[in-house]
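Novice: This is the structure, below, for whatever I ask next.
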Amino acid sequence: MEDYLDIDLSKYDIGKEYYRNNKKCIFDPIREILILETPEEIIRQKFIKYLINDLKVPKNKIEVEVPMCHFRKGAKGRADIVVYGEDDYPIFIVECKAPNIPLIDKVWNQVEKYDDILCTGLIVITNGNYTYAALWDDEDESYYIIENMPEYNMLLDCENFDIIENDCKKWERPKFNELTSKENVDLFLDFGWIGEDTEEDLYPLIMNLAGFLQDETIEIEPINKKGINIIENGHRYTSFGNAAGGNWTGDYRYFILEDNDGNNQIVSISIFGALKCANDSVFGNRKGNTVLVVAIDDFDKSHNSLQLNIDRYTFVNGNKYTIWHDGTLTAGKSGAVKRKDVIDYIKSADSSMVNNDDKIILGSFDCSKEINWNQQNTKDFIINIIKYAILRDEFRMLKKSSLQYK
Numbered sequence: 001m002e003d004y005l006d007i008d009l010s011k012y013d014i015g016k017e018y019y020r021n022n023k024k025c026i027f028d029p030i031r032e033i034l035i036l037e038t039p040e041e042i043i044r045q046k047f048i049k050y051l052i053n054d055l056k057v058p059k060n061k062i063e064v065e066v067p068m069c070h071f072r073k074g075a076k077g078r079a080d081i082v083v084y085g086e087d088d089y090p091i092f093i094v095e096c097k098a099p100n101i102p103l104i105d106k107v108w109n110q111v112e113k114y115d116d117i118l119c120t121g122l123i124v125i126t127n128g129n130y131t132y133a134a135l136w137d138d139e140d141e142s143y144y145i146i147e148n149m150p151e152y153n154m155l156l157d158c159e160n161f162d163i164i165e166n167d168c169k170k171w172e173r174p175k176f177n178e179l180t181s182k183e184n185v186d187l188f189l190d191f192g193w194i195g196e197d198t199e200e201d202l203y204p205l206i207m208n209l210a211g212f213l214q215d216e217t218i219e220i221e222p223i224n225k226k227g228i229n230i231i232e233n234g235h236r237y238t239s240f241g242n243a244a245g246g247n248w249t250g251d252y253r254y255f256i257l258e259d260n261d262g263n264n265q266i267v268s269i270s271i272f273g274a275l276k277c278a279n280d281s282v283f284g285n286r287k288g289n290t291v292l293v294v295a296i297d298d299f300d301k302s303h304n305s306l307q308l309n310i311d312r313y314t315f316v317n318g319n320k321y322t323i324w325h326d327g328t329l330t331a332g333k334s335g336a337v338k339r340k341d342v343i344d345y346i347k348s349a350d351s352s353m354v355n356n357d358d359k360i361i362l363g364s365f366d367c368s369k370e371i372n373w374n375q376q377n378t379k380d381f382i383i384n385i386i387k388y389a390i391l392r393d394e395f396r397m398l399k400k401s402s403l404q405y406k
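Just so you know, we're using the UniProt record's numbering here: the sequence shown kicks off at 1 and counts up by one.
Here is the structure:
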């Protein structure tokens, strides 16, 4: 998403440093109180200065940490910043995040939910690095990205906005006979779907599978197999983390599952090029390999169940590529568990997933052909990878429970 506003918040400082109970604080000029200094609060205070200095918003027309229950009884949440018009009606909302928080769909959904209550029709999200603004169109019943923010006196007239037309064209993967051309390889590298250290002999698999997962024109029909009942699927831009502190932010294909009791679960799958690191404080020394990420939503918490290093866990035999795993798993702060225990658990749940060499076989692809949903091996892979992720989570829960009672 590149249509961000040309705003430089770095030119603003947060003013004099204050301390309370030996903790660094910021003086909030709107509430006129000391606020604990956090990365998110720094962005909020800088954006307030942008509003006052650049957009000429009167200070008395800005409100911070605005409870939604003031506008609708029982409504939850607080808007970071609300700007009011001359009659003290809200005219736009700003949602601020810390610089390390990606502006994913979840952030848009949050501010849109507030706008459902305030009905400003103009929403802004920022993490200091990027700032986006969107204007509601009643006729289309959707938000349109705008490329400018007029000064306050002009904000009351929506005609002063330059609207960027929504490009509704869905992303399609490259033509198969041109898939591994230099142009497309560079494109996938730029998208972050291939690791810089990944060997070229894996490109046909990675680009074929990533293209299948990301192609928004591909329809995946519901399927119920091996206890995995996929009822819906789609695409979303989001982020999932792991116990080591890493985050994988990008476009995922998600699958909505339903069990026999009618309960649902969302599993998301994507492919990423891992960042190459040297002496990193979190990751140490790490190659820029390509990783298959399988993540599971759990209400307000989401996590990676599986980060499979494609470079390591792929057998190549001509055009046939087989993706497997060895059961490597960490159980939170307890650290790594015995791989044999994981493999035995998978065997007990579905022996067909484990071969005679105790390798967990997730699926095979003939990459002389384009990967499509009408191929049985594609369906088997998606079912297996989802089932494996769910079984890994079950094993983690059992492991953590057993440790609690020791």
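Don't be surprised by glycine CBs; every beta carbon is placed ideally from N, CA and C.
Since this is a predicted model, take the numbers as computed values, not measurements.
#1: In the DSSP assignment, the beta strand (DSSP E) including Glu-151 goes from what residue to what residue?
#2: Flag this pair as touching only if the segment 198–208 and the segment 309–316 have three or more C-beta atom pairs under 8 Å; answer yes or no.
#3: With contact counted as at least three CB pairs below 8 Å, one residue from each stretch, are the segment 17–37 and the segment 61–79 in contact?
#4: For Tyr-19, list the residues DSSP reports as bridge partners.
#5: What whole-angstrom Cβ distance do Ser-239 and Tyr-254 have, given they're in contact under 8 Å?
#6: Is the segment 350–364 touching the segment 380–392, taking contact as three or more C-beta pairs under 8 Å?
#7: Over what stretch of residues does the beta strand (DSSP E) that includes Gln-265 continue unbroken?
#8: Within the same chain, show all residues whose beta-carbon is closer than 8 Å to that of Glu-196, passing over the 5 residues directly before and after it, in chain order.
#9: Which of helix, strand or coil does DSSP assign to Asp-13?
#10: Rounded to whole angstroms, what is the Cα-Cα separation between Leu-398 and Lys-369?
#11: Could you check if Asn-127 is buried or exposed, using at least 16 other CB atoms within 10 Å of its CB as the buried criterion?
#12: Beta strand (DSSP E) containing Ile-93: first to last residue?
#13: Starting from Tyr-237, trace the alpha helix (DSSP H) both ways and give me its first and last residue.
#14: Taking only runs of the alpha helix (DSSP H) that begin and end inside the segment 306–367, which ones reach a length of at least 4 residues, in chain order?
#15: State the Cα-Cα distance for the pair Val-337 and Asp-358, rounded to the nearest angstrom.
#16: For Trp-193, is the classification buried or exposed, using 16 other Cβ atoms within 10 angstroms of its Cβ as the cut-off for buried?
#17: Checking 9 Å against the spacing of the C-beta atoms, do Asn-53 and Tyr-12 come in under that value?
#18: Based on DSSP bridge pairs, tell me the residues matched to Cys-277.
#19: What first and last residue would you give for the beta strand (DSSP E) that runs through Trp-248?
#20: Using a Cβ distance threshold of 8 Å, determine whether the segment 116–133 contacts the segment 89–103, with at least three qualifying pairs required.
#21: Compute the beta-carbon to beta-carbon distance between Ile-117 and Phe-176, rounded to the nearest angstrom, for a pair I have assumed lies under 8 Å.
#22: Compute the beta-carbon to beta-carbon distance between Asn-304 and Trp-248, rounded to the nearest angstrom, for a pair I have assumed lies under 8 Å.
#23: What are the partner residues of Leu-34, as DSSP defines its beta bridges?
#24: Apart from the five residues just before and just after Asp-393, which ones in its own chain have a Cβ nearer than 8 Å to its Cβ?
#25: Look at the alpha carbon of Ile-343 and the alpha carbon of Leu-362, and state the distance between them as a whole number of angstroms.
#26: What span of residues does the alpha helix (DSSP H) with Val-57 cover, start to end?
#27: Going by DSSP, which residues form a beta bridge with Ser-142?
#28: Are there three or more Cβ pairs, one per stretch, closer than 8 Å when the segment 364–384 is compared with the segment 219–230?
#29: Would you give the residue range spanned by the alpha helix (DSSP H) that Ile-206 belongs to?
#30: Note the first and the last residue of the continuous alpha helix (DSSP H) segment covering Glu-41.
#31: Can you give me the Cβ contacts of Ser-364 inside the same chain, cut-off strictly under 7 Å, excluding the 5 residues immediately before and after it?
#32: Would you mind sorting Cys-69 into buried or exposed? The rule is 16 or more other CB atoms within 10 Å of its CB.
#33: If contacts are defined as beta-carbon pairs under 8 Å, then Trp-171 and Asp-105 qualify, I think. What distance do you get, rounded to the angstrom?
#34: Which whole-angstrom value is the C-beta distance of Ile-14 and Lys-46, which I expect to be below 8 Å?
Specialist: Judging by the given coordinates:
#1: Looking at the DSSP string, Glu-151 is not in any beta strand (DSSP E), and its letter there is neither H nor E.
#2: Cβ pair count under 8 Å is three or more, so yes.
#3: yes
#4: Lys-24
#5: With a Cβ gap of about 13 Å, Ser-239 and Tyr-254 do not count as contacting.
#6: yes
#7: 264–273
#8: Leu-189, Gly-273, Lys-276 and Gly-288
#9: Asp-13 falls in the coil class under three-state DSSP.
#10: 41 Å
#11: Buried, by the Cβ-count rule.
#12: Run containing Ile-93: 90–96, per the beta strand (DSSP E) assignment.
#13: Segment 228–241 is the beta strand (DSSP E) holding Tyr-237; no alpha helix (DSSP H) there.
#14: Runs of the alpha helix (DSSP H) inside the segment 306–367: 339–349.
#15: 16 Å
#16: buried
#17: Yes.
#18: Arg-286
#19: 247–258
#20: yes
#21: Incorrect: roughly 48 Å between the Cβ atoms, too far for contact.
#22: 7 Å
#23: Its beta-bridge partners are Phe-27.
#24: Only residues of its own chain outside the window of five on either side were considered, and among them Ile-296 and Ser-305 have a CB closer than 8 Å to the CB of Asp-393, listed in chain order.
#25: 13 Å
#26: No alpha helix (DSSP H) holds Val-57; DSSP gives it neither H nor E.
#27: Per DSSP, Asp-137.
#28: yes
#29: 203–214
#30: 39–53
#31: Lys-320, Tyr-321, Thr-322 and Asn-377
#32: exposed
#33: Separation of the CB atoms of Trp-171 and Asp-105 is rounded to 15 Å, and the pair is thereby denied contact status at 8 Å.
#34: 7 Å
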